[in-house]
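See below for the structure under consideration.
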Amino acid sequence: DSRFLAGSPQLQKKCPGYFMIGSCENGHRYAKELYCDREWCPECGEKWSEAHQRRYSRLLPKAQQLKVMGYFVIERPLKSRGKLRSKKALAREGITIRAVLSGKWEISQRRRRGERISKEQELQIRAGWFPRGITRWHYFGDVAREIREDLKCLTWGRERPETSQDGQGRRYNPHQNVMVDYGFIVPGKLERIKRSLRAALGEPDLIVHYGFTKEPAAMVHVLKYVTRATFRDWMWAPDVAADLYKFHNVRSWG
Ligand SMILES: [Zn+2]
Ligand SMILES: [Zn+2]
Numbered sequence: 008d009s010r011f012l013a014g015s016p017q018l019q020k021k022c023p024g025y026f027m028i029g030s031c032e033n034g035h036r037y038a039k040e041l042y043c044d045r046e047w048c049p050e051c052g053e054k055w056s057e058a059h060q061r062r063y064s065r066l067l068p069k070a071q072q073l074k075v076m077g078y079f080v081i082e083r084p085l086k087s088r089g090k091l092r093s094k095k096a097l098a099r100e101g102i103t104i105r106a107v108l109s110g111k112w113e114i115s116q117r118r119r120r121g122e123r124i125s126k127e128q129e130l131q132i133r134a135g136w137f138p139r140g141i142t143r144w145h146y147f148g149d150v151a152r153e154i155r156e157d158l159k160c161l162t163w164g165r166e167r168p169e170t171s172q173d174g175q176g177r178r179y180n181p182h183q184n185v186m187v188d189y190g191f192i193v194p195g196k197l198e199r200i201k202r203s204l205r206a207a208l209g210e211p212d213l214i215v216h217y218g219f220t221k222e223p224a225a226m227v228h229v230l231k232y233v234t235r236a237t238f239r240d241w242m243w244a245p246d247v248a249a250d251l252y253k254f255h256n257v258r259s260w261g
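In the working numbering, the protein residues as written are 8 to 261.
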């Protein structure tokens, strides 16, 4: 239970910690501040904290290469969200999402059906997907609200965002953020993407949102938004928090 977990150093740790990097001849010692980077840390979880800025600046060079930014938010419906309560499940889900969006999944599906696919065809198939992308999980948040209020600067599809939540921002709601090098997606292609994600993840009711922008300021906003902490209190989902130790949240391909 959570009282037992509260003793775990993974959940509560003094932050920032210090790391001695040297001393001068007068005996002054120099220390470097070490931030724990845990989302529920009162220091690191803050908006625009050292940890947040560090996550943001690590991705900035990649984002600055984009002429246009496409942004997927992928979430399971309430009924199957419970499947993502472990580090292993989150990692596996992320791998599958990246495989679909990079075209790798289509290639392996077609090979499984007995099709022979040459290296050249492989490149052709991949060209129909996204050559580059960055993913990061948010653990909490009402996605429909986020899109309506916080991410207005993007162009979203005409259909209203599907409701994913019952307005309970503190209910565990892992959703994968994906930034890609792409703008407007024609409806037929977007449908094919949704179908593939649903089949690959075995969830016919998977919720997939897509928006895009050409404005550098909006891209910066999305990057800040995606890299922010959402798991602000480990008590919101103690089992997940305890399991997330050393989880590598940001991943990319291409
Ligand atoms: Zn910290
Ligand atoms: Zn979110």
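We put the CB at the ideal spot given by N, CA and C, even for glycine.
Taking the alpha carbon of Leu130 as the point to measure from, which residue in Cys31, Glu40, Glu113 has its own alpha carbon closest?
Glu113
Count the CB pairs spanning the segment 90-110 and the segment 59-74 that are closer than 8 Å, and state whether there are at least three.
no
Contact the segment 137-144 vs the segment 182-192: 3+ CB pairs below 8 Å:
yes
What residues are listed by DSSP as bridge partners for His145?
His182
Return the bridge partner residues of Leu41 from the DSSP annotation.
Gly24
Would the segment 84-94 and the segment 204-219 be scored as touching if the rule is three or more Cβ pairs under 8 Å?
yes
Can at least three beta-carbon pairs, one atom from the segment 20-39 and one from the segment 216-228, be found at a separation below 8 Å?
no
Going by DSSP in three states, Glu233 sits in which element: helix, strand or coil?
For the sequence presented, residue 233 should be read as Val rather than Glu. DSSP places Val233 in helix when its eight states are reduced to three.
Residues of its chain near Ile200, where Cβ-Cβ distance is below 6 Å and the 5 sequence neighbours each way are ignored
none
Pocket of ligand 2 defined by Cβ to heavy atom distance under 7 Å:
Val80, His145, Gly148, Val150, Glu153, His182, Asn184, Thr237
List the whole-angstrom C-beta distance separating Glu182 from His228, where the pair is believed to meet the contact cut-off of C-beta under 8 Å.
Correcting the residue identity first, residue 182 is His in this sequence and not Glu. Wrong, their Cβ atoms sit about 18 Å apart, outside the cutoff.
Going along the chain, which unbroken runs of the alpha helix (DSSP H) with 4 or more residues stay wholly within the segment 71-127?
94-109, 111-119
Below 6 Å, is the gap between the Cβ of Tyr42 and the nearest heavy atom of ligand 1?
yes
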